[in-house]
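Worksheet: one structure, shown below.
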DNA sequence: TCCTTGTATCGACGACTGTCGATACAAGAG
DNA sequence: CTCTTGTATCGACAGTCGTCGATACAAGGA
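Residue numbers (this note's numbering), protein chains in the order written: chain L, -14 to 135; chain H, -14 to 135.
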């Protein structure tokens, strides 16, 4: 925890364009990676979905410690990670502390991962051996495409 | 690398429902966390955007090692992480190896993070002190909401 | 055949992360 | 005030991750 104490990520700087359109800059990539890192844990993912799907869009911590096998300090730690990534907000109300999701943060990540605007068809599945541009120099690569499976 | 050798994640099992609708199961959360973990690095995020925004939707590794400060083995390692998470595919064509994004994988994560179907208004920003359901027992919490900022 | 270039794997090392028990803080009840 | 309950912080520890140099493998050219 002695790394950097950037207080809380908020979505003011980086982009909302799908990454298919243009490559990410270093600064945007670093900030987005911090948000994805907060999502990169099964417990946090379930916590987030539990909060998001709860009545009223928010949940008390006492509703969140039950469904998990981990201890209460661990749940508290995960909630802090989600909060510091800007994915949830929190508020104490009397005895209990409530958490809710930040829809703008989720929407931003969702938009980033949107494959394309044109909903034509999935252009993968076989990359349709478009030679694109041969990296070094032009050479007709008519060799058999061989899966680099491992 | 001695952990588990699950070969490559493919999107056959888990859901495509936004997590706002229903809580994630343990199995789905674990698999989705593996995919988000692959996105949780600035270099991998930039690699993915570089591949996705490249001409023809695919890029040679030789196009990808240039824009980064890290070494070639590190780039190769990151590409492998992306491939084993099911986010990109790869193929050797003669001398060069090409990578492309898997749009279905990205679309699945994007759908999961979609805040809501109803595009009414953002229900956060002030959680609208709905008492929802008092956790332990009914008690009128009319105390002032105080931000649990840190 | 040997040489060169492109890419992947190996082994190592430092940094970070998830988890725990112990403990501290916050707020209400008696 | 003291007690109880809900939540957060503190250290510590094991496991994982990102990075590197060295090296191996793949493919084409001389």
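All C-beta atoms, glycine included, are put in the ideal place defined by N, C-alpha and C.
Residue range of the alpha helix (DSSP H) that includes residue i
| i | result |
| --- | --- |
| residue 95 (chain L) | 88 to 98 |
| residue 38 (chain H) | Here residue 38 (chain H) belongs to no alpha helix (DSSP H), and DSSP marks it neither H nor E. |
| residue 20 (chain H) | 11 to 24 |
Coarse secondary structure for residue i, derived from DSSP in three states
| i | result |
| --- | --- |
| residue 44 (chain L) | strand |
| residue 55 (chain L) | coil |
| residue 3 (chain L) | coil |
Where the beta strand (DSSP E) through residue i begins and ends
| i | result |
| --- | --- |
| residue 74 (chain H) | 73 to 78 |
Close-in-space but distant-in-sequence residues of the same chain around residue i (CB under 8 Å, 5 per side omitted)
| i | result |
| --- | --- |
| residue 33 (chain L) | 24, 67, 72, 73, 86 |
| residue 60 (chain H) | 28, 32, 46, 49, 50, 53 |
| residue 21 (chain L) | 94 |
| residue 82 (chain L) | 45, 46, 75, 76 |
| residue 18 (chain L) | none |
| residue 35 (chain H) | 44, 48, 49, 52 |
| residue 64 (chain H) | 32, 46, 49, 73, 75, 84 |
Environment of residue i [buried if 16+ CB atoms lie within 10 Å]
| i | result |
| --- | --- |
| residue 88 (chain L) | buried |
| residue 80 (chain H) | exposed |
| residue 10 (chain L) | exposed |
| residue -8 (chain L) | Caution is warranted here: a pLDDT of 42 is assigned to residue -8 (chain L), below 50, making its placement in the model unreliable, and no coordinate value can be reported. |
Which listed residue (the options) has its alpha carbon closest to that of residue i
| i | options | result |
| --- | --- | --- |
| residue 12 (chain H) | L:69, L:13, L:30 | L:30 |
| residue 14 (chain H) | L:90, L:36, L:26 | L:26 |
| residue 44 (chain L) | L:19, L:70, L:69, L:77 | L:77 |
| residue 148 (chain L) | L:16, L:35, L:38 | Here chain L has residues from -14 to 135 only, and residue 148 (chain L) is not among them. |
| residue 40 (chain H) | H:92, H:90, H:63, H:84 | H:84 |
| residue 37 (chain H) | H:8, H:91, H:97 | H:91 |
Same chain, Cβ closer than 7 Å to residue i, neighbours up to 5 away in sequence not counted
| i | result |
| --- | --- |
| residue 99 (chain H) | 3 |
| residue 55 (chain H) | 28 |
| residue 57 (chain L) | 50 |
Other residues of its chain near residue i: CB distance less than 6 Å, five sequence neighbours each side excluded
| i | result |
| --- | --- |
| residue 8 (chain L) | none |
| residue 42 (chain L) | 85 |
| residue 62 (chain L) | none |
Contact test: residue i Cβ vs the ligand ADP heavy atom, cutoff 7 Å
| i | result |
| --- | --- |
| residue 17 (chain H) | The ligand ADP is absent from the structure shown, which contains no ligands of any kind. |
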